[in-house]
Amino acid sequence: MAEKLREACVRGEAERVARLLDEGIKPQPDENGRSPLLLAAALGHTDVCNALLLREAEVNAADSVSDILGNEFVLIYEDRD
């Protein structure tokens with residue numbers, strides 16, 4: 001089920017993300033350590049980021065490749081809007 005959540009984050013499906021989280025799906029990272037928040041932020045899906053943050057997603061998770069934190073990606077993409 002965590003894969004469905006990550007897929008919704010990548011696609012920018014904020015309502016689906018919110019629903020999955022409300023159903024109890026945990027925002028687990030993928031095999032490279034990328035959290036759902038990091039995936040959504042990297043793709044500029046700020047509405048998905050908001051849904052994750054409102055539901056207390058881990059903001060200090062970093063992937064195993066770049067070591068960039070999810071909250072840093074959120075700040076980068078909020079500045080672009």
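Be aware that the sequence shown starts at 1, since it is given in UniProt numbering, and climbs by one per residue.
By construction, the Cβ of each residue, glycine as well, lies at the ideal position given by its N, Cα and C atoms.
Taking all protein chains shown into account, decide if residue i is buried (16 or more other Cβ within 10 angstroms of its Cβ) or exposed.
i, result
"Glu13", "buried"
"Arg55", "exposed"
Where does the unbroken alpha helix (DSSP H) through residue i begin, and where does it stop?
i, result
"Glu56", "Segment: none, Glu56 is in no alpha helix (DSSP H) and carries neither H nor E."
"Asp22", "14–22"
"Leu39", "36–42"
Pick from the options: whose alpha carbon is nearest that of residue i?
i, options, result
"Glu58", "Ser35, Glu7, Leu39, Ala42", "Ser35"
"Ala2", "Leu53, Asn32, Val48, Lys26", "Lys26"
"Ala51", "Leu37, Ala42, Asn32", "Leu37"
Out of curiosity, what's the CA-to-CA distance linking residue i and residue j?
i, j, result
"Arg6", "Glu23", "15 angstroms"
"Leu20", "Leu39", "16 angstroms"
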